[in-house]
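To start, the structure under review is shown below, and the notes come after it.
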Amino acid sequence: MRGNFVRIKNPFPLVNERYARSLAKQVVQNEETKRVVLKRAVQDTEGITLKQYTSILRDIMFTKLLPNIKFHADCVKFGLSPFAAAQNIAMAGTKQVDDVLNRGIDVVYKDKLDALKETVISEAKMAEAKFGSVTSSPSEWQCSEAARLTEIITRVIKEVEEKSKTE
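In terms of my numbering, the sequence shown opens at residue 16 and continues consecutively.
Given below as structure tokens:
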């Protein structure tokens, strides 16, 4: 069977590419600007809604970055919110996520750590995208899952640091 086949690219990375290109052109890159740029990038990308994008983003954050101890240790070391940092890194793309996990936040972001400080999508909105439906809303537990996970891992990191100081 011969013919012209169009290779359809996954819309999630397309949104990330559009977001990054557009954000780089903005004079002010605060939370509100990031939200507007993200919404526009999703609207300009065929085959994905903001809810779908947010759900996929949450999955990447929760499966790759947030459970990683080294990632959390780096966040504690540099005074970053693990949730905000994970979100911004995941929005930069899969290669960036892998690079941060392999080389560390400080090596990858060097003097650009401030870019990781602001949350673009709240944890509650991410839970709504993942677990919400027409007939139900996410539970309080689901809306605070990242905060609890971050708190526990940060506590463990600090206890290990304290223990290593006394030895």
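For every residue, glycine included, the Cβ atom is placed at its ideal position computed from N, Cα and C.
Of the residues the options, the one placed nearest residue i, counting alpha carbons only
i: Thr-165; options: Val-30, Ala-101 and Ala-105; result: Ala-101
i: His-25; options: Val-175, Ile-75, Asp-74 and Gly-62; result: One point to set straight first is that residue 25 is Asn, not His, in the sequence displayed. Minimum Cα distance to Asn-25 is reached at Gly-62.
i: Glu-138; options: Arg-33, Thr-69, Val-43 and Lys-54; result: Thr-69
i: Cys-158; options: Lys-145, Ile-168, Ile-167 and Arg-118; result: Lys-145
i: Trp-156; options: Ala-142, Val-51 and Lys-127; result: Ala-142
i: Pro-97; options: Lys-110, Arg-118 and Leu-128; result: Leu-128
i: Val-171; options: Val-91, Lys-125, Val-123 and Tyr-124; result: Val-91
Reduced DSSP secondary structure (H/G/I, E/B, other) of residue i
i: Leu-81; result: coil
i: Ile-104; result: helix
i: Glu-133; result: coil
i: Lys-40; result: coil
i: Asn-25; result: coil
i: Asn-31; result: helix
i: Thr-149; result: Sequence inspection shows Val at residue 149; the Thr mentioned does not correspond to that position. Looking at Val-149 - three-state DSSP - the assignment turns out to be coil, as it is neither helix nor strand.
i: Ile-63; result: coil
i: Glu-182; result: coil
i: Ser-70; result: helix
i: Asn-117; result: helix
i: Leu-128; result: helix
Beta-carbon separation (whole angstroms), residue i vs residue j, contact threshold 8 Å
i: Leu-72; j: Asn-103; result: Contact flag wrong, Cβ pair sits at about 10 Å.
i: Ala-35; j: Ala-99; result: In fact, because the Cβ distance is near 17 Å, the residues do not count as touching under 8 Å.
i: Val-135; j: Ile-75; result: Not a contact, Cβ separation roughly 14 Å.
i: Ile-84; j: Ile-168; result: 6 Å
i: Gln-44; j: Leu-53; result: The Cβ separation is near 12 Å, so there is no contact.
i: Ala-161; j: Leu-81; result: 6 Å
i: Asp-121; j: Phe-86; result: At roughly 12 Å, the Cβ-Cβ gap does not stay under 8 Å, so Asp-121 and Phe-86 are not in contact.
Per-residue burial, residue i [other beta carbons within 10 Å of its own, 16 or more giving buried]
i: Asn-31; result: buried
i: Val-115; result: buried
i: Thr-78; result: exposed
i: Pro-28; result: exposed
i: Thr-60; result: buried
i: Lys-178; result: exposed
i: Lys-49; result: buried
i: Val-42; result: exposed
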